[in-house]
Amino acid sequence: MSHLNPGATIGVLGSGQLGRMMTQAATRLGYRVACFSPDTSPTPCAQVGASEVTGSYDDLDAVAAFAKSVDVVTFEFENVSAAAAETAAKYAPVRPSGDVLHTTQNRLREKSFLQKIGVPTTIFKAVECAADCADFSYPAILKTAGFGYDGKGQRKVASASEAQAAFTELGEPPCILEALVDFAYEASIVGARGIDGTFVAYPLVRNDHANHILDLTTAPLSTKTDTGEASALAEGIFEALGVVGVLCVELFVTTDGQLLVNELAPRPHNSGHWSIEGAATSQFEQQVRAVCGLPLGSTALQAPGVAMANLLGDLWPESGEPNWAAALGVPGVHLHLYGKTQARPGRKMGHLTALAPTPVAAADCVLNTRKLLAL
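Just so you know, we're using the working numbering here: the sequence shown kicks off at 42 and counts up by one.
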């Protein structure tokens, strides 16, 4: 059988908010979900019905036992060892594959892959020692090659000497230097590919960040040309990688309209959360459909404008809770909380989504509603 019917068990490596929302989509379709992660109960996944296995991703015997107990394996974040994905694949299909994970979890491998297949990216250079920081165009961003997200593991540098100092400060791990891009705004496109090679993409969206963390996503971008170009770019990347599942392509849109790929995320993405209410099929249901071998769903918008605003731990007062009643009193606004018990500055605790007649109106709605949480 090429597809898994409802009643099958989806194994998720990871147990955070992405796994939580994937679990919600999977259980609605009748699938069981089991999550494997080092985190102890109650994890965001377990709170919504996923069974839970606690273990280290480096414990390959535990990973093997987990894979034997499920029908298909997927993951909700990249910081899972490729060895764990390879081990799991001996006992169950892993979608996307460990090869996809291996490429995308390391910025240097990822950029080199994109360069090889002719995808436009920022100018970059590998840094293995301080001397490698010479002969590059500054200002630039020095990033650790692996294990970085939301601005972690990176420094803006204005010269080779600053880059060398930053390299030392980061602990001298393998790094990548990337030239700064004169971009008009940041964007992303989330797509999905089935086991039969069918590809679908959501509309191109605009992303606004604060302190290197996604703050606001607005859908769709009004420029149809950019959307078509981004979709074709994403489809080429999916094909070259052989992705089965959901992947997000993060982009810079330059001042002259050029699309440059910044990073890839081989799983549902923060900038796709708007799709839960804003699209005919959410990115999380799309992941379930893809990894189970089912037909992919429609990505059509449910309103002319949709926006999503993140809720970080900074919104929580020292004692008590944000003003949920005020936010929930706004018509057309949807609240998602991730079940995390401890709020910390910069920690993603939830998000708001709004649908409206225009993208600008939707963005204004979620931002104004978020302000009410502090009243």
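Beta carbons: idealized from backbone N, C-alpha and C, even for Gly.
Residues near Leu-393 in its chain [Cβ-Cβ closer than 8 Å; skip 5 each side] = Met-349, Ala-350, Leu-352, Ala-368, Val-374, His-375, Leu-376, His-377, Val-407, Thr-410, Arg-411
What residue does the alpha helix (DSSP H) around Gln-328 start on, and which one ends it?
-> 324-332
Tell me the DSSP bridge mates of Thr-394?
-> Met-349, His-375
Does DSSP classify His-44 as helix, strand or coil?
-> coil
Using DSSP bridges, identify the partner residues of Asn-248.
-> Glu-227, Thr-258
Mark Arg-61 as exposed unless 16 or more other C-beta atoms lie within 10 angstroms of its C-beta, in which case mark it buried.
-> buried
Compute the distance between the beta-carbons of Arg-69 and Thr-50, then report whether it is under 9 Å.
-> no
DSSP state of Gly-361 mapped onto helix, strand, coil = coil
C-beta atoms of Val-401 and Gly-346 nearer than 9 Å = yes
Can you name, in chain order, every residue of its own chain whose Cβ lies under 6 Å from the Cβ of Glu-304, other than the five neighbours on each side?
-> Glu-291
Return the bridge partner residues of Lys-389 from the DSSP annotation.
-> Leu-353
Are the beta-carbon atoms of Ala-175 and Ala-199 separated by less than 9 Å?
-> no
Just reading off the alpha helix (DSSP H) that Thr-145 is part of, what are its end residues?
-> 139-145
Using a threshold of 9 Å, state whether the C-beta atoms of Leu-288 and Ala-273 are closer than that.
-> no
Answer with buried or exposed for Gly-235, where buried requires no fewer than 16 other C-beta atoms within 10 angstroms of its C-beta.
-> buried
Cβ-Cβ separation, Ala-220 to Val-294 (assumed contact under 8 Å), whole Å = The Cβ separation is near 16 Å, so there is no contact.
Between which two residues does the beta strand (DSSP E) carrying Glu-203 extend?
-> Segment 201-210 is the alpha helix (DSSP H) holding Glu-203; no beta strand (DSSP E) there.
Leaving out five residues before and five after Glu-270 in sequence, what residues of the same chain have Cβ atoms less than 7 Å from its Cβ?
-> Leu-300
Per-residue burial, Cys-333 [other beta carbons within 10 Å of its own, 16 or more giving buried] | buried
Enumerate in chain order the residues of its own chain whose CB-to-CB distance from Leu-142 is below 8 Å, with the five nearest sequence positions on each side excluded.
-> Phe-116, Glu-119, Val-121, Ala-123, Ala-126, Pro-307
Beta-carbon proximity list for Ala-321, same chain, < 6 Å, skipping 5 on both sides | Ser-339, Ala-341
Which residue or residues does DSSP assign as beta-bridge partners of Ile-217?
-> Ala-167, Lys-184
Per-residue DSSP class, three states only, for Cys-406 | helix
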